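Numbering (our numbering), first residue to last: 368 to 696. Below is one structure, written out as C-alpha cells; the observations come after it.
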C-alpha cells in the first residue's frame, strides 16, 4: 500500500500529523528534505519513531487503542530521507508542509514540493504565523493551496483550521474537508487572517489571565479552576458566538462598557458590530435574531438542547450532583 499523504518536515508537527493518519488506517510519508549524514539520519529516525511510539503508548494506556495495535499503527508511518523525497511527493495527493517558521525555509521546501508533486496534489502549509496569501506566491498552481493549522497534539485535537486565499479553488477546499473528515477531524474555515480562529481567541484569554496574576487579582490555581469548570465548561457546551446570542448581545454590550470604564478602555471596548445589533434590536435568542437567525426554530427545544449539552459536560467533569432526598431543616 503506497502512502497517499505526505508530511514534509519530520519535527513534532509532522509526527503528530503522521500519527493522525496512521491511527485512521492510512500510510503516510514523513519526509525530511535536509541532506544528512547516515548517522544524523539514523538519529532522526530513532527520535521520530520513539516519539510516535510514545504518543501511541500514551493513548493505549488511556484505553484509546489496544497495546497490540501500537506497532501496526506506527508501521504505517514511512520515514523518508531527502533522496527518497521525490518519489514520496510524486505519489502524494495531499501534502502538509511543516518546516521551520521562516520564509526562507518555506521557500526552499515549496521549491522541492513544486518540482516533485503532481499538478493535482493539494498542497498545504501548517504555519501558525505566516499568512496564506504570502505563501501562495511560492506555490505552482496556487489554486490548489491553503494553510492548515493543527492544534497540538495534532493527533488528538479534532479541529483543524483551514485558511484560504482569494484564488483557492472551492473544489480543493471541499476535497480537503472530505479527506480530513475521513480521518475524524473537524475542519473550520477562515480567511487570510493573522492568528486563525483559536490562537486569536486564546491569546487574549491567556494574556488576561497572566495580567490578573500580575495584578494580584487571583492566583494561578483559582484562575485555572474558574476556566476549567466555568469558562471552559460553558464554551465546551456552546460556541462563543452561540453564547453571545444565548445570553444576548445587549449583555455583552453593557458588560463591555462597564469593564472598559473600570479596567481598560481599549481592551474591553466592544466592536461596532455589537453596538449595531443592540441598536437594531437583534439581541439573539430572546428577539429571534442575532448572529444566528432563529426564525421558525423551536426555541424551547433549543434551550433544552443547550441544557443537555451543559449537563453532559458537568457529568463528564464529575461535578453533577443529584438532588437531595429530603428537605434539610
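Using N, Cα and C, we set each Cβ at its ideal position, and we do this for glycine too. What you are looking at is a predicted structure, and each value in this text was computed from that prediction instead of being measured.
heavy atom of the ligand NAP below 6 Å from residue i C-beta
i	result
residue 643	Within the structure as shown, the ligand NAP is missing, as the structure has no ligands at all.
Spatial distance of residue i from residue j (CA atoms)
i	j	result
residue 464	residue 490	8 Å
residue 601	residue 621	20 Å
residue 605	residue 517	21 Å
residue 430	residue 420	15 Å
residue 462	residue 481	11 Å
residue 671	residue 598	20 Å
residue 611	residue 391	36 Å
residue 661	residue 652	7 Å
residue 474	residue 497	12 Å
residue 584	residue 668	39 Å
residue 445	residue 410	15 Å
residue 418	residue 665	49 Å
residue 561	residue 688	42 Å
residue 563	residue 685	32 Å
residue 519	residue 692	44 Å
residue 556	residue 515	9 Å
residue 414	residue 379	10 Å
residue 511	residue 535	6 Å
residue 645	residue 494	37 Å
residue 680	residue 433	26 Å
residue 547	residue 531	16 Å
residue 451	residue 500	30 Å
residue 408	residue 382	15 Å
residue 447	residue 373	10 Å
residue 453	residue 608	45 Å
residue 673	residue 647	26 Å
residue 375	residue 581	41 Å
Host beta strand (DSSP E) of residue i (start-end)
i	result
residue 514	512-517
Opening and closing residue of the alpha helix (DSSP H) in which residue i lies
i	result
residue 616	616-629
residue 375	Counting along the chain, residue 375 falls outside any alpha helix (DSSP H), though it belongs to the beta strand (DSSP E) covering 372-375.
residue 592	587-593
residue 548	537-549
residue 501	499-503
residue 596	Counting along the chain, residue 596 falls outside any alpha helix (DSSP H), and DSSP gives it neither H nor E.
residue 632	It is not in any alpha helix (DSSP H) - residue 632 carries neither H nor E in the DSSP assignment.
residue 605	Taken as a continuous stretch (DSSP letters only), residue 605 belongs to no alpha helix (DSSP H), as it is neither H nor E.
residue 669	666-684
residue 378	No alpha helix (DSSP H) contains residue 378, which DSSP labels as neither H nor E.
Bridge-paired residues (DSSP) for residue i
i	result
residue 530	514, 557
residue 396	373, 445
residue 490	462, 512
residue 656	651, 660
Segments of 4+ residues assigned as alpha helix (DSSP H) that fall wholly inside the segment 423-485: 437-441, 452-458, 470-483
At least three beta-carbon pairs within less than 8 Å, the segment 621-634 to the segment 581-600: no
Meets three-Cβ-pair contact criterion under 8 Å: the segment 567-577 and the segment 530-548: no
At least 3 beta-carbon pairs within less than 8 Å: the segment 425-438 vs the segment 396-405: no
Every unbroken alpha helix (DSSP H) within the segment 557-583, with a cutoff of 4 residues, ordered by chain: 565-582
At least 3 beta-carbon pairs within less than 8 Å: the segment 385-398 vs the segment 515-527: yes
Cβ contact check for the segment 653-668 and the segment 628-637: 3 or more pairs under 8 Å: no
The segment 457-471 contacting the segment 430-446, beta-carbon criterion three pairs below 8 Å: no
The segment 498-513 contacting the segment 473-490, beta-carbon criterion three pairs below 8 Å: yes
Segment contact flag, the segment 613-620 with the segment 636-651, C-beta cutoff 8 Å, min 3 pairs: yes
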